[in-house]
Amino acid sequence: MTELSRTILETWQVRKTRQQKTDFIAFLQAEFPDLQVEQGKFGVRNLVLGNVAEADVVLGAHYDTCARLPFPNFLTPKNFLCYLAYQLLLLIPLFGISFLLSFFLTLAGVPGEVTYWLVLAAYFVLLVLMMAGPANRHTVNDNTSGVITLLECFAAMSEEERRRTAFVFFDLEESGLIGSAQFAKRHKAEMKGKLLLNFDCVSDGDHFLVIANKKARAAHEDALRAAYGETPEGKTVAFEKSSTTIYPSDQANFPVSVAFAAFKRSRVCGLYLDRIHTKRDTVMEERNIRYLVDGTLLLVNQK
116 MTELSRTILE TWQVRKTRQQ KTDFIAFLQA EFPDLQVEQG KFGVRNLVLG NVAEADVVLG
176 AHYDTCARLP FPNFLTPKNF LCYLAYQLLL LIPLFGISFL LSFFLTLAGV PGEVTYWLVL
236 AAYFVLLVLM MAGPANRHTV NDNTSGVITL LECFAAMSEE ERRRTAFVFF DLEESGLIGS
296 AQFAKRHKAE MKGKLLLNFD CVSDGDHFLV IANKKARAAH EDALRAAYGE TPEGKTVAFE
356 KSSTTIYPSD QANFPVSVAF AAFKRSRVCG LYLDRIHTKR DTVMEERNIR YLVDGTLLLV
416 NQK
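For any residue, its number in the numbering used here is found by taking its place in the sequence shown, counting from 1, and adding 115.
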């Protein structure tokens, strides 16, 4: 990796609060004076390097980071039952806390109506803490890996390749894909038929999925297979349809889009993503980044 990427990995993993993002933006602008900041609703600040209108391909990755949770955001992209079971499992401690609070309030003689509203308030406070709690200080995979992938692609490209590529760092993905939604709306005409590649959680896993929506498959499937079909030793890649794959990330807001992610594999649930949103998100497999950079350069040069 470049020195810039190593500096980000060592120093800039926390990008959650507005001030943390402001400091990170200033750091990037010192490296890239042409970096544009596109501001929007809810405090969104998307970062754009290159000319979106003139680019053949747009590379995207969210740069905001999440709150620290006691449990990982566990995702099984090809197994809906495992995914649903885990989401339901997460509700158990929330309901448990609510029940205990209700029980002790009732024992204390608090009126039922007051107990109801206090329990409901406590439940929503817990939900808010899951989104807006203390920042996770370990964000290697989610999504420092995506940020680094974009920067490594930029570093590896010639001036001509950069001219044909735009790089977008999305804000507020962790809050519900808000930054990419605003970018897609602002650049609706430019992105109507343009390919968007989204890199999210790509450094911790040996099994890559290249997840394309219908329009991307129709126009670019052969090019994608030619560019990313050959993996490093010990790695695999599968080309999947977005309609049959669970992967909620920024690519969902674009008409012609592909998501890239790295997974592990288990016998029970198949492919899975773990560790993210916890202190265990510390794995940076540099070969993953190299594979994506090499493939992306091949793809750009097919355009």
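Where is the CB? At the ideal position from N, CA and C, for every residue including glycine.
Counterpart residues of residue i in DSSP-defined beta bridges
i: asparagine 161; result: Glu153
i: tyrosine 178; result: None; tyrosine 178 has no bridge partner.
i: leucine 388; result: Leu190
i: alanine 250; result: Ala182
i: valine 172; result: Thr280, Leu310
Per-residue DSSP class, three states only, for residue i
i: glutamate 355; result: strand
i: phenylalanine 214; result: helix
i: leucine 199; result: helix
i: asparagine 313; result: strand
i: histidine 322; result: strand
i: alanine 281; result: strand
i: valine 240; result: helix
i: valine 167; result: coil
i: valine 398; result: coil
i: glutamate 118; result: helix
i: phenylalanine 147; result: coil
i: isoleucine 123; result: helix
i: isoleucine 207; result: helix
i: threonine 360; result: coil
i: glutamate 289; result: coil
i: phenylalanine 219; result: helix
i: threonine 393; result: coil
i: glutamate 305; result: helix
i: lysine 418; result: coil
i: lysine 350; result: coil
i: phenylalanine 142; result: helix
Limits of the alpha helix (DSSP H) - the one that residue i falls within
i: valine 225; result: Where valine 225 is concerned, there is no enclosing alpha helix (DSSP H), given that its DSSP letter is neither H nor E.
i: valine 415; result: 401-415
i: isoleucine 293; result: 293-301
i: serine 260; result: 260-271
i: alanine 342; result: 329-343
Cβ-Cβ distance between residue i and residue j below 8 angstroms
i: leucine 162; j: phenylalanine 284; result: yes
i: alanine 296; j: asparagine 368; result: yes
i: arginine 183; j: lysine 394; result: yes
i: alanine 341; j: glutamine 417; result: yes
i: valine 255; j: glutamine 135; result: no
i: valine 159; j: leucine 287; result: yes
i: valine 371; j: glycine 291; result: no
i: tyrosine 421; j: isoleucine 391; result: With the chain represented from 116 up to 418, any question about residue 421 goes unanswered, as that position is not in the structure.
i: leucine 310; j: alanine 331; result: yes
i: isoleucine 123; j: isoleucine 263; result: yes
i: alanine 176; j: asparagine 328; result: no
i: aspartate 365; j: aspartate 396; result: no
i: leucine 203; j: phenylalanine 186; result: no
i: serine 273; j: methionine 399; result: no
i: alanine 170; j: arginine 279; result: yes
i: alanine 114; j: threonine 132; result: As shown, the chain starts at 116 and ends at 418. That puts residue 114 outside it, with no answer to give.
The beta strand (DSSP E) enclosing residue i, as first and last residue numbers
i: arginine 130; result: Taken as a continuous stretch (DSSP letters only), arginine 130 belongs to no beta strand (DSSP E), as it is neither H nor E.
i: lysine 379; result: 372-381
Would you be able to state if there are at least three C-beta pairs under 8 angstroms between the stretch 182-192 and the stretch 379-387?
-> yes
Segment contact flag, the stretch 404-412 with the stretch 289-304, C-beta cutoff 8 angstroms, min 3 pairs = no
Taking 8 angstroms as the threshold, find out whether the stretch 376-383 comes into contact with the stretch 211-221 through three or more Cβ pairs.
-> no
With a cut-off of 8 angstroms, do at least 3 Cβ pairs link the stretch 151-166 to the stretch 348-357?
-> no
Mind the definition here: the stretch 313-330 touches the stretch 395-409 only if three or more C-beta pairs lie below 8 angstroms; say whether that holds.
-> yes
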